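Take the sequence shown: its position 105, counting from 1, is numbered 105 in this note's numbering, and each next residue is one higher.
The C-beta atom is built at its ideal place from N, Cα and C for all residues, glycine as well.
What you are looking at is a predicted structure, and each value in this text was computed from that prediction instead of being measured.
Right, one structure below, let's go through it.
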Amino acid sequence: MPKKLKRNHLQILLALADAPKNGLEIMREVLETTGGRLTLWPGTLYGSLKELSRQGCVVEVPAEGQEIRGGSPRYYRMTARGSSLLKEELQSLEEVLEVARRKRFLEQES
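Here you go:
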């Protein structure tokens, strides 16, 4: 069974699934896609990006038409490994949702 992605890592990889983004763009997309339920503060975001980079899931890339230099926003792109781990995690979550649907749990009122 593959190792479960941390929630922050899952959301960051989802944000990077369609295009490279800088830190601010990632923070905004995660905030928007989670309906404000998850805020990635800079320390959390960049710590998570560093960990994802060490795991080979993201790489720093230059902004389109630019080179990487100090003072410029850092852009990140999901790697093939990151894409593979994200797909595995999403498939696992889909399996959990399927069980909940079969048990009609999602139809119940809280």
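Spatial distance of residue i from residue j (CA atoms)
i    : j    : result
I26  : P20  : 9 Å
R101 : E95  : 10 Å
L93  : V99  : 10 Å
S83  : F105 : 30 Å
K103 : L38  : 28 Å
K3   : L40  : 22 Å
Candidates the options, of which the one nearest residue i by Cα
i   : options          : result
L24 : D18, L45 and K6  : L45
G43 : Q55, N8 and S72  : N8
D18 : L38, T79 and T34 : T79
Beta-carbon gap between residue i and residue j smaller than 8 Å
i   : j    : result
L13 : L86  : yes
V58 : R28  : no
L5  : E107 : no
A63 : S53  : no
Assigned exposure category for residue i - 16 Cβ within 10 Å defines buried
i   : result
G56 : exposed
A15 : buried
Q11 : buried
S48 : buried
L97 : exposed
Same chain only: Cβ atoms within 8 Å of residue i, ignoring 5 sequence neighbours per side
i   : result
R74 : N22, G23, E60 and I68
T34 : Q11
Neighbourhood of residue i by C-beta, 7 Å cutoff - its chain only, sequence neighbours within 5 removed
i  : result
M1 : Since pLDDT at M1 reaches only 44, below the 50 mark, its modelled position is unreliable, and no value is offered.
Any non-hydrogen atom of the ligand NAD closer than 7 Å to residue i Cβ
i   : result
P20 : This structure simply doesn't include the ligand NAD, nor any ligand for that matter.
Closer than 8 Å to chain C by CB, residue i
i   : result
L49 : The question asks about chain C, but that chain is absent: this structure has only one protein chain.
Cβ neighbours of residue i in the same chain (closer than 6 Å, five flanking residues each side left out)
i   : result
R81 : G56 and C57
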